[in-house]
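Contents: one structure, followed by commentary.
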């Protein structure tokens, strides 16, 4: 499980732009895994709307502020992290790089941001925790009854995870037509059992978890103000706005379009995470200005992982940090905590056709 290249070696010039990781990843991955990475469900409308929601928010920069020193770091469950981002949970990380979750843990730790480990990835929660040097969260797909959930909560706490996440938007596995058309079935899904437990998940299980386990709970897949309010009433510490990267319900809203109503419903009673198409430093600025506490990266960090393993994840985050620092300074603030809704304008006309890679228009020009 080599990191392939040291992050310092990559700094010499192999990767200087984020889109270069996209190109490298596509060259290294087979066609099935590439489509699994970039695809969504059915018409991929929700996937495209994630980017459209981001692109129709414009920044409103303020000037003549002293921005000679910009600090993009924030707090995360008692840890100081370098950016308000985390590496979102992704199944079958080992499909992108042999080290899987352990490589992601090393890459995130070397840079200084949290990672969230999926329960359907290798090498498992204990091994990933052993590879980690920073904050970590465990994400569970419910494949059993109360005892199943309790066992994973206990193991996560024993392994030093800072929070526990339950995904709530996968009651049914969606129709991902890129995979279906090629008759491609992921190995873990073919062997997967117990999905009826995920379909039967209800607020009862949330209430029971909160009553039984002291570890902070995150609910991933919240898409409305109504459900955000119910989650807060159940004592959930973090509301995670997500549409699964456009991979579950087709025809949904972009995640950044959902965020403001959730922020209003939560009203400061819980922290808020969001993911869904965030690919540039300016994207992170927009999400924080609209009320998110932390922004999840999904496909973006997978390009770094597929390209160069753990070191690729670290180097990608270094470039993203540089984008964030410049975006903050040019917006007229010295840190993410100074951003307000006054720094953004919603409803700006998009200039790019929304696409999984529309954040990287130079890809179309051969760079």
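In the working numbering, the protein residues as written are 22 to 388.
No residue lacks a Cβ here, since even glycine has one placed at the ideal position from N, Cα and C.
The structure displayed is predicted, hence computed values, not measured ones.
Legend entry - Cut-off 7 Å between Cβ atoms - residues of its own chain near residue 66, not counting five sequence neighbours on either side: 271, 272
Legend entry - Inter-stretch contact (C-beta, 8 Å, three-pair minimum) for the segment 362-377 and the segment 297-313: yes
Legend entry - Every unbroken alpha helix (DSSP H) inside the segment 190-247 [4 residues or more]: 198-202, 208-211, 216-220, 224-233
Legend entry - Local Cβ density within 10 Å of residue 383, reported as buried at 16 or more and exposed below that: exposed
Legend entry - Boundaries of the alpha helix (DSSP H) in which residue 55 is found, first to last residue: 52-59
Inset, instruction - For residue 223, I'd like the list of residues in its chain whose CB is within less than 6 Å of its CB, leaving aside the five on either flank, ordered along the chain. - result: none
Inset, instruction - With a threshold of 16 other CB atoms inside 10 Å of the CB of residue 151, please say whether the residue is buried or exposed. - result: exposed
Inset, instruction - Using alpha carbons as the reference points, say which of 104, 154, 105, 100 lies closest to residue 125. - result: 154
Legend entry - DSSP state of residue 96 mapped onto helix, strand, coil: strand
Legend entry - For residue 388: DSSP bridge partner residues: Bridge partners of residue 388: none, in fact.
Legend entry - Inter-residue CB distance, residue 300 and residue 277 (contact presumed, cutoff 8 Å): Contact flag wrong, Cβ pair sits at about 12 Å.
Inset, instruction - Could you work out which residue in 250, 93, 331 is closest to residue 303 when comparing CA atoms only? - result: 93
Legend entry - Pairwise C-alpha distance: residue 250 and residue 354: 31 Å
Legend entry - Contact the segment 161-168 vs the segment 215-222: 3+ CB pairs below 8 Å: yes
Inset, instruction - Starting from the Cα of residue 116, find the closest Cα among 50, 42, 181 and give me that residue. - result: 50
Inset, instruction - Output the distance between the C-alpha atoms of residue 380 and residue 298, rounded to the nearest integer angstrom. - result: 9 Å
Legend entry - Residues near residue 247 in its chain [Cβ-Cβ closer than 8 Å; skip 5 each side]: 286
Legend entry - Coarse secondary structure for residue 171, derived from DSSP in three states: helix
Inset, instruction - Reducing DSSP to helix, strand and coil, say where residue 11 ends up. - result: The requested residue 11 does not occur in the structure, where the chain is confined to residues 22 to 388.
Inset, instruction - Would you mind working out which of 330, 324, 323 sits nearest residue 119, comparing C-alpha positions? - result: 330
Legend entry - Rounded separation between residue 315 and residue 95 - CA only: 9 Å
Inset, instruction - Output yes or no for whether 9 Å exceeds the beta carbon distance between residue 52 and residue 207. - result: no
Legend entry - Length at least 4, wholly inside the segment 306-365: the alpha helix (DSSP H) runs in chain order: 320-352
Legend entry - Residue interval of the beta strand (DSSP E) (run including residue 159): 157-161
Legend entry - Exposure label - residue 265; buried when at least 16 CB within 10 Å: buried
Inset, instruction - Return helix, strand or coil for residue 103, following the three-state DSSP convention. - result: coil
Inset, instruction - Using alpha carbons as the reference points, say which of 139, 196, 350 lies closest to residue 186. - result: 139
Inset, instruction - Ignoring anything shorter than 3 residues or poking outside the segment 118-156, list the beta strand (DSSP E) runs there in chain order. - result: 136-139
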